[in-house]
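According to the numbering used here, the sequence shown is numbered sequentially starting from 49.
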Amino acid sequence: LTLTDNSFGDNNPIANKLRDPGTPGSTIQSNPGGPNPSVPTPPGSNPPSPTPTSFAATGTSTGSVPGTTVNIYPTSSTTPSTVLVPFANWQGEVRIARADINGDGNLETIATMGEGGLPILRVFDGVTGAQTMEIQVYDQAFNGGIFVAIGDLGNDGILDIVTGAGNGGGPHVKIFNAITGAETSSFMAYDINFRGGISVAVGDIDGSGFAAIVTGAGPGGGPHVKVFNGTDHSLIKQFMAYASTFSGGVYVAVGDYLSDGKYEIITGAGAGGGPHIKIWDYETLNLDGQTMAFKDFTKDNGEVIDAIFNGGVRVALADANGDNVLDILAGAGPSGGPRVEAFVGFRLELLMDFFTGDKKDGRGVFVSQ
Numbered sequence: 049l050t051l052t053d054n055s056f057g058d059n060n061p062i063a064n065k066l067r068d069p070g071t072p073g074s075t076i077q078s079n080p081g082g083p084n085p086s087v088p089t090p091p092g093s094n095p096p097s098p099t100p101t102s103f104a105a106t107g108t109s110t111g112s113v114p115g116t117t118v119n120i121y122p123t124s125s126t127t128p129s130t131v132l133v134p135f136a137n138w139q140g141e142v143r144i145a146r147a148d149i150n151g152d153g154n155l156e157t158i159a160t161m162g163e164g165g166l167p168i169l170r171v172f173d174g175v176t177g178a179q180t181m182e183i184q185v186y187d188q189a190f191n192g193g194i195f196v197a198i199g200d201l202g203n204d205g206i207l208d209i210v211t212g213a214g215n216g217g218g219p220h221v222k223i224f225n226a227i228t229g230a231e232t233s234s235f236m237a238y239d240i241n242f243r244g245g246i247s248v249a250v251g252d253i254d255g256s257g258f259a260a261i262v263t264g265a266g267p268g269g270g271p272h273v274k275v276f277n278g279t280d281h282s283l284i285k286q287f288m289a290y291a292s293t294f295s296g297g298v299y300v301a302v303g304d305y306l307s308d309g310k311y312e313i314i315t316g317a318g319a320g321g322g323p324h325i326k327i328w329d330y331e332t333l334n335l336d337g338q339t340m341a342f343k344d345f346t347k348d349n350g351e352v353i354d355a356i357f358n359g360g361v362r363v364a365l366a367d368a369n370g371d372n373v374l375d376i377l378a379g380a381g382p383s384g385g386p387r388v389e390a391f392v393g394f395r396l397e398l399l400m401d402f403f404t405g406d407k408k409d410g411r412g413v414f415v416s417q
């Protein structure tokens with residue numbers, strides 16, 4: 049098990065307040081904040097997708113670990129092989145995306161803070177767990193959290209990191225070169241006055257080789273899903289994933305879940321809507337399947353009850369069991385405990401169901417490939 053602790057940079061007053069001074073004798077590998085000068089050279093062509101060997105979920109902050117963890121699990125396992133601590137002393141939500149940025153066949157981890165945290169993202173090497181990059185994404189005064197995704201928007205073999213501003217930040221999407229960290233473009237995904245935040249996903253949804261950006265409106269915006277061209281940011285299509293009267297927001301993921309050569313959009317209802325997962329055919333926007341996650345759930349006090357959990361469900365696509373077929377990962381929202389479920393196939397059969405940490409921890413969990 050590898051534990052990697054990453055402290056904040058030196059020049060931010062909030063960061064200084066949160067910095068972990070270090071514990072003598074700790075098993076955590078300390079990696080100071082700030083970018084690593086040895087940034088990998090971009091691959092010359094589109095790198096092949098690595099053979100899936102793991103998936104990830106955010107965990108909890110307990111014991112000797114001084115911050116919310118990112119737990120990386122081998123396929124078919126509920127015991128993490130690697131545990132990262134991307135933001136030392138940060139006890140709030142951590143949101144993640146993973147992809148092979150440097151072309152070595154291993155998945156790097158991109159981590160951001162949830163509401164109340166700093167407006168930064170950090171990238172961690174897929175082999176060593178060392179921090180290789182830090183980017184200030186939005187204005188340093190913004191503390192609404194950041195959603196993050198990654199994919200090849202330009203079909204140039206260089207991955208792009210896509211962010212969505214969280215609560216209070218406006219519907220602001222930004223794109224960064226994953227190798228250099230340079231911001232390459234940005235746009236507003238919804239009305240400029242909307243302040244509920246937006247979740248993001250990235251995928252080559254039409255088979256063109258150019259990944260598109262999928263967004264989901266946050267609380268107050270309705271279950272409004274949009275698909276944007278990844279290069280010019282023009283709107284391709286949009287739809288309401290749940291009843292238009294539902295105001296809890298929507299989480300999104302994208303990929304070929306049904307293994308039919310076509311991409312699907314996966315949606316998860318936000319808080320207040322029940323743990324409702326839907327599968328949408330991208331071309332027709334027909335509903336291909338749906339299920340309710342977390343048939344029973346654990347309250348903050350540890351009590352397990354049989355009822356519909358209403359804290360929302362975060363979604364991702366990953367090969368959870370190593371059969372080279374994508375499965376749906378579901379992460380419980382606030383008050384549900386750090387619970388993860390995986391679903392497989394047309395019938396959305398339950399494949400895995402486990403907790404990433406203390407069942408009494410009610411902050412919720414985010415998931416990724």
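A virtual CB, placed ideally from N, CA and C, is assigned to each residue, including glycine.
Apart from the five residues on each side of it in sequence, which residues of its chain come closer than 7 angstroms, Cβ to Cβ, to G296? P267, A317, G318, A319, G320, G321, G360
Length of the line joining the Cα atoms of P167 and N203: 28 angstroms
Helix or strand or just coil, what does DSSP make of S129? coil
T89 by DSSP, collapsed to three states: which one? Here the model assigns T89 a pLDDT of 36, short of 50, so the residue's position is not dependable, and the following value carries that caveat. Looking at T89 - three-state DSSP - the assignment turns out to be coil, as it is neither helix nor strand.
Whole-angstrom Cβ separation of V171 and M181, contact assumed at under 8 angstroms? 4 angstroms
I'd like the ranges of any beta strand (DSSP E) spanning at least 3 consecutive residues and lying wholly in the segment 187-257. 194-199, 208-213, 220-225, 231-236, 246-251
Could you check whether G151 and I183 sit closer than 7 angstroms to each other, using their CB atoms as the reference points? no
Bounding residues of the beta strand (DSSP E) (the contiguous stretch that carries K310): K310 -> no beta strand (DSSP E), and no H or E assigned at all.
If I measure Cβ to Cβ from L132 and keep anything under 7 angstroms in the same chain, skipping five residues before and after, which residues do I get? T52, T117, V118, T157, F172, G177
With distances taken between CB atoms, is the gap from V415 to G379 smaller than 7 angstroms? yes
In whole angstroms, what is the alpha-carbon distance linking I325 and G205? 32 angstroms
Which residue from A390, W328, G309, V142 puts its Cα closest to that of V300? W328
Buried or exposed: where does T130 fall if 16 or more other Cβ atoms within 10 Å of its Cβ makes it buried? buried
Contact set for N225: own chain, Cβ-Cβ below 7 angstroms, skip 5 residues either direction: I206, D208, T232
Should D308 go down as buried or exposed, given a rule of 16 or more other Cβ atoms within 10 Å for buried? exposed
Which same chain residues end up closer than 8 angstroms to R243 when comparing Cβ atoms and leaving out the 5 residues on each side of it in sequence? N215, G216, G217, G218, G268
Close beta carbons around I313, own chain, < 7 angstroms, minus the five adjacent residues each side: V262, V273, V300, V302, W328, Y330
Can you give me the Cβ contacts of I284 inside the same chain, cut-off strictly under 7 angstroms, excluding the 5 residues immediately before and after it? A260, V275, F276, N277
Cα-Cα, which of P128, N358, E141, V250 is closest to G164? E141
Can you tell me where the beta strand (DSSP E) holding V175 begins and where it ends? Here V175 belongs to no beta strand (DSSP E), and DSSP marks it neither H nor E.
Can you tell me whether P122 is helix, strand or coil according to DSSP? strand
Flag L283 as yes if its beta-carbon sits less than 7 angstroms from any beta-carbon of chain C, otherwise no. Considering every chain present, this structure includes no chain C. It has just one protein chain.
Between G192 and A213, which are expected to be in contact by the criterion C-beta below 8 angstroms, what is the C-beta distance as a whole number of angstroms? 6 angstroms
C-alpha distance - I253 paired with P271, whole-angstrom precision: 20 angstroms
Using a Cβ-Cβ cutoff of less than 6 angstroms, which residues in the same chain neighbour H281 once the five nearest sequence positions on both sides are dropped? F235
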